[in-house]
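First residue of the sequence shown: 498, per our numbering; consecutive thereafter. Have a look at the structure below, then the notes.
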Amino acid sequence: MIKLKNNFLNKLTENFRDCYGMDRLSKYAFLTGAVLTATYYLSPLGIALMGYSTWRSFSKNKYKRYRELEALNRVLFSLKESVNNKRLALGGGSQYKIFKCPNCSQKLRVPRRHGRIVITCKKCGTEFKGKS
Ligand SMILES: [Zn+2]
498 MIKLKNNFLN
508 KLTENFRDCY
518 GMDRLSKYAF
528 LTGAVLTATY
538 YLSPLGIALM
548 GYSTWRSFSK
558 NKYKRYRELE
568 ALNRVLFSLK
578 ESVNNKRLAL
588 GGGSQYKIFK
598 CPNCSQKLRV
608 PRRHGRIVIT
618 CKKCGTEFKG
628 KS
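Below is the structure:
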């Protein structure tokens, strides 16, 4: 009986060694799943997510799992980027407006709320009208 148990444990640890293990994606999926399970309407989705997370952790196709993690990282990165860009646009939008010189395409930052103004390109000296 004990020997059988040891065999079983050995097999189990061997199995674990081949497994992909828990990465960020699995962790996120599991946590999201746990939260969703606590809600009434989304609990099936939560269970599915937790199941997916567990399945990922025990999966032996490490390459594929790694690609999934990379995909998640890419999505998170582009989300972060777009949030940053929006923040930049909003922050810049409150005080400054960016104009592009029609002659040399130089970007020019002009304070907002000055109505119609003549902008002089600091690079090539071209004057053009704009509304700030
Ligand atoms: Zn210019």
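Note that beta-carbon positions come from the ideal geometry of N, C-alpha and C, so glycine has one too. Owing to the predicted nature of the structure, the values given are computational and were not obtained by experimental measurement.
In terms of DSSP beta bridges, what is residue i paired with?
i	result
residue 608	593
residue 584	The partner list for residue 584 (beta bridge, DSSP) is empty, contrary to what the question assumes.
residue 613	628
With respect to the alpha helix (DSSP H) encompassing residue i, which residues constitute its N-terminal and C-terminal limits?
i	result
residue 529	521 to 535
residue 602	Neither: residue 602 is in no alpha helix (DSSP H) and is coded neither H nor E.
residue 548	540 to 555
Which residues bound the beta strand (DSSP E) around residue i?
i	result
residue 627	624 to 628
Just to check my reading of the structure: residue i and residue j have Cβ atoms closer than 8 Å, yes? What is that Cβ distance to the nearest angstrom?
i	j	result
residue 517	residue 571	Not a contact, Cβ separation roughly 19 Å.
residue 533	residue 548	Between residue 548 and residue 533 the Cβ distance is about 12 Å, and since that is not below 8 Å, they are no contact.
Rank the options by C-alpha distance to the C-alpha of residue i and give the top, closest one.
i	options	result
residue 592	623, 629, 625, 580	629
residue 598	540, 544, 626	626
residue 515	536, 566, 557	557
residue 546	559, 560, 535, 529	529
residue 610	595, 623, 624	595
Spell out whether any CB of chain C is found under 8 Å from the CB atom of residue i.
i	result
residue 573	No chain C is part of this structure, which consists of one protein chain only.
Could you tell me whether any non-hydrogen atom of ligand 3 is closer than 7 Å to the CB of residue i?
i	result
residue 620	Among the ligands present in this structure, namely ligand 1, ligand 3 is not found.
Looking at C-beta atoms only, is the number of pairs between the region 595 to 603 and the region 616 to 623 that lie closer than 8 Å three or more? With the cut-off at 8 Å, the region 595 to 603 and the region 616 to 623 touch.
At least three beta-carbon pairs within less than 8 Å, the region 517 to 526 to the region 549 to 559: Touching, yes.
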